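First the structure, in the form of structure tokens, and then the observations on it.
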Amino acid sequence: MENFQHSHVQVRGLKLHVAETGTGPKVVLFLHGFPEIWYSWRHQMIAVANAGYRAIAVDFRGYGLSDQPSEPERANFRDLVDDLVALLDSFAISKVFLVGKDFGAVPAFMLAVIHPERVSGVITLGIPFLIPGPVGIQFDLLPKGFYILRWAEPGRAEADFGRFDVKTVVRKIYILFCRSELQVAADDQEIMDLVDPSTPLPPWFTEDDLDAYANLYKNSGFRTALQVPYRCSQLDYGIADPKVTAPSLLIMGEKDYFMKFPGIEDYVRKGIVKQFMPNLDITFMPEGNHFVQEQLPEQVNELILTFLNKRCI
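Residue numbers (the UniProt record's numbering): 1 to 313.
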């Protein structure tokens, strides 16, 4: 996409791929989830750049065009946080607005807790405040055969994905994760079996988009992507009494399957999450699914820009 400048930045012994657009002192750093990549923020980056912000998106270590860590099976969320701090230092950026989606919300929260002086505000899509350890997913309450539990098993997802080419894997995950129900396989099924091959892509996700994702995952594979987030989500990162004091916004699609995780709907709707984020605003999007920033980009862009413009002094 011609609007973006791409570079590789040396960070903690690895070269991380960075895409950016726009200029100026006000910086918005976008953090992707899975099976996403920097490209998942294409609509938002252009919008914030047009509004006068500098937009930066990174491929996390082991994802897309970024280097693989030397030991992918040891990668964890703290690595991502330390990478982001080093990346900001390399650009001489003192403070940023963070925008995180899916598991990309976790390093956003952790960065805001550990280094509050570096964070002007936090926007997350689909994921309320969660930090592995003190405020994490209740794994013991997840249904048997749930995708997170399956993919946490070393070798299981690799065997499941290995039956298909990379493009088919990404296609199946996008189709599966834009549904509102939880992704639970029977004992005689794998997660990829939950998607009928004849199911079309969602209308907001084109074949060109699929090609862009597939090409990036062909480069990186899924080795690190399965470690972070799925195989390091139960680690305790030693964060006691976590709290994000920066101004924050949570954008939740009402049809996002994450709302059906055990306890999540009450956590969000009853405002329990505000115990950890006292300056949090919550916006629900009635038709929004798990990929709301790609599904409804104009609405999401408006919410992000309203927040940014209100918080910039």
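For every residue, glycine included, the Cβ atom is placed at its ideal position computed from N, Cα and C.
Computed from a prediction, not measured in an experiment: that's the story for all the values here.
Do you know whose CA, among the options, lies nearest residue i's CA?
i: residue 103; options: 126, 56 and 246; result: 126
i: residue 351; options: 309, 56, 137 and 166; result: Outside the displayed span of the chain (1 to 313) sits residue 351, for which this structure offers no information.
i: residue 204; options: 218, 141, 4 and 43; result: 43
i: residue 262; options: 7, 117 and 139; result: 139
i: residue 267; options: 144, 130 and 26; result: 130
i: residue 166; options: 196, 51 and 220; result: 220
i: residue 211; options: 170, 185 and 199; result: 170
i: residue 128; options: 274, 311, 196 and 287; result: 274
i: residue 242; options: 283, 163, 160 and 135; result: 135
i: residue 185; options: 148, 163, 175 and 35; result: 148
Tell me whether the beta-carbon of residue i lies closer than 8 Å to the beta-carbon of residue j.
i: residue 40; j: residue 293; result: yes
i: residue 119; j: residue 246; result: yes
i: residue 21; j: residue 45; result: yes
i: residue 47; j: residue 289; result: no
i: residue 359; j: residue 179; result: Given that the chain is displayed from residue 1 to residue 313, the structure contains no residue 359 and the question cannot be resolved.
i: residue 18; j: residue 122; result: no
i: residue 146; j: residue 183; result: yes
i: residue 132; j: residue 234; result: yes
i: residue 287; j: residue 255; result: yes
i: residue 83; j: residue 61; result: yes
Rounded to the nearest angstrom, what separates residue i and residue j at their Cα positions?
i: residue 285; j: residue 259; result: 12 Å
i: residue 157; j: residue 276; result: 33 Å
i: residue 115; j: residue 202; result: 38 Å
i: residue 181; j: residue 194; result: 12 Å
i: residue 272; j: residue 252; result: 15 Å
i: residue 95; j: residue 248; result: 15 Å
i: residue 64; j: residue 37; result: 7 Å
i: residue 236; j: residue 230; result: 14 Å
i: residue 67; j: residue 8; result: 9 Å
i: residue 49; j: residue 3; result: 10 Å
i: residue 124; j: residue 215; result: 26 Å
i: residue 110; j: residue 192; result: 31 Å
i: residue 282; j: residue 196; result: 35 Å
i: residue 199; j: residue 304; result: 32 Å
Kindly indicate which three-state DSSP category residue i falls into: helix, strand or coil?
i: residue 54; result: strand
i: residue 255; result: coil
i: residue 240; result: coil
i: residue 246; result: coil
i: residue 15; result: strand
i: residue 313; result: Bear in mind that a pLDDT of 48 at residue 313, under 50, signals an unreliable position, so the model cannot answer this.
i: residue 103; result: helix
i: residue 189; result: coil
i: residue 195; result: coil
i: residue 89; result: helix
i: residue 283; result: strand
i: residue 44; result: helix
i: residue 139; result: helix
i: residue 124; result: strand
i: residue 66; result: coil
i: residue 220; result: helix
i: residue 295; result: helix
i: residue 302; result: helix
i: residue 98; result: strand
i: residue 37; result: coil
i: residue 164; result: coil
i: residue 153; result: coil
i: residue 5; result: strand
i: residue 60; result: coil
Return no unless some Cβ of chain B is closer than 8 Å to the Cβ of residue i.
i: residue 60; result: No chain B appears in the structure shown, which is made up of a single protein chain.
Exercise. Answer yes if the stretch 98-118 comes into contact with the stretch 15-34, meaning at least three C-beta pairs across the two stretches below 8 Å, and no otherwise.
Key: yes
Quiz item: Contact between the stretch 72-89 and the stretch 6-17: three or more CB pairs below 8 Å?
Solution: yes
Practice problem: Report yes or no: do the stretch 60-73 and the stretch 214-227 share at least 3 C-beta pairs separated by less than 8 Å? | Solution: yes
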